[in-house]
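Numbering (this note's numbering), first residue to last: 201 to 395.
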């Protein structure tokens, strides 16, 4: 029978000489290291100005007569998407439908992970945390992090999405509409459920 590893136990050692603490996540270990075993560095020595150095003057660059060559990029002026010049000092227009922007997500991977876990799989928060702990463990040797640290961060990111004023939240009530047994029907057949 295969053995399964429990990801809720403390598995990551502190690593500091003499410390016997273990942690569930690398983030917990780093927090512990910073608070329990801080690395103290001495203050830098005060700055003492060095004696002035004698510099020899550089000869001037000779000017050669002839036509001046101008840089075409130095004479450009910013414009909008229609080619109209912007006023001096005006910021560039905001791109509403920028395909490179995944806001409020940090990347396409973070968006697709949220969509997969929340919409397609619809798994529970503890299972999301277990998956993200596994993902963190696999990335630990590379010093990288998964798209989300835990389900709280996932839910906060999803909740921060702006859907616009035209989309209204709707609630739907559903109930069983089939034949109900006359004797001792199950409770769910007579209940209403809000979706």
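Built from N, CA and C at the ideal position, the CB exists for glycine as well.
Here DSSP, grouped into helix, strand and coil, assigns residue 344 to coil. In the same chain as residue 342, and ignoring 5 residues on each side of it, no C-beta atom comes closer than 6 Å to its own.
By the CB criterion at 8 Å, residue 334 and residue 350 fall outside the cutoff.
For residue 386 and residue 379, the gap between their C-alpha atoms comes out near 12 Å. Sequence-distant Cβ neighbours of residue 309 in its own chain, meaning closer than 8 Å and more than five residues away, are 347.
Per DSSP, reduced to three states, the secondary structure at residue 238 is coil, with no helix or strand assignment.
Boundaries of the beta strand (DSSP E) around residue 393: 392 to 394.
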